[in-house]
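Accompanying notes for the structure given below.
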Amino acid sequence: MAMSNAKKQKLEESLRKSGAITPTDKFIDAGYANHIQLLQRPQPGFACFTEEKFIWTGGLSSDIVIPYDHIQELGKCLVMLMPMGIKISYQPTPGGKIVKKKFSIWKRNTWLALMAEKSGVPSPV
């Protein structure tokens with residue numbers, strides 16, 4: 013399902029207002045996505061891509077902000093037997109513990125290629 017430009021604009025405004033996107037960061041695109049947590053139901057939300065970072069924002073959950081330069085590894089995974097999952101391993105602080113997150117998103121190869129280009133990490137595409 014494609015997201016309307018009006019919805020994308022509202023998302024960008026909301027993320028700028030919250031400070032997740034800085035005034036100098038350029039919003040690229042967004043899509044519907046779920047955050048997949050181990051042993052819990054997927055949390056619906058939106059995957060937003062800027063020139064500097066990947067942001068997942070969703071209903072009652074706090075935003076997940078991953079600067080591209082913190083990404084250590086990108087991968088693919090299945091979500092309920094559907095080939096639409098992405099895995100992101102990143103290091104929030106230099107020398108800190110590696111954090112792994114999973115998301116389901118349509119057109120995952122497109123988004124993985126974008127994140128690989130921005131982060132310099134090889135794409136699993």
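For the sequence shown, position 99 (counting from the first letter as 1) is numbered 111 according to the numbering used here, and the numbering increases by one without interruption. No residue lacks a Cβ here, since even glycine has one placed at the ideal position from N, Cα and C.
Please report the straight-line C-alpha distance between residue i and residue j, rounded to a whole angstrom.
i: residue 56; j: residue 36; result: 28 Å
i: residue 90; j: residue 34; result: 33 Å
i: residue 92; j: residue 53; result: 11 Å
i: residue 70; j: residue 23; result: 11 Å
i: residue 60; j: residue 38; result: 11 Å
i: residue 125; j: residue 108; result: 26 Å
i: residue 64; j: residue 18; result: 22 Å
i: residue 106; j: residue 25; result: 30 Å
Hey, out of the options, whose CA is closest to residue i's CA?
i: residue 103; options: 131, 32, 135 and 27; result: 131
i: residue 87; options: 69, 62, 128 and 53; result: 128
i: residue 119; options: 30, 21 and 95; result: 95
i: residue 31; options: 77, 124 and 101; result: 77
i: residue 83; options: 21, 26 and 134; result: 134
i: residue 97; options: 40, 29, 122 and 18; result: 122
i: residue 41; options: 53, 92 and 27; result: 27
i: residue 136; options: 108, 100, 20 and 61; result: 100
i: residue 62; options: 107, 105 and 21; result: 21
i: residue 75; options: 29, 17, 106 and 85; result: 29
Which term fits residue i, buried or exposed, when burial requires 16 or more other beta carbons within 10 angstroms of its beta carbon?
i: residue 110; result: exposed
I think residue i touches residue j, with their Cβ atoms under 8 Å apart; what is that distance to the nearest whole Å?
i: residue 58; j: residue 80; result: Incorrect: roughly 18 Å between the Cβ atoms, too far for contact.
(request) Please confirm if the region 36 to 46 is in contact with the region 105 to 123, defined as three or more CB-CB distances below 8 Å between the two stretches. (result) Cβ pair count under 8 Å is three or more, so yes.
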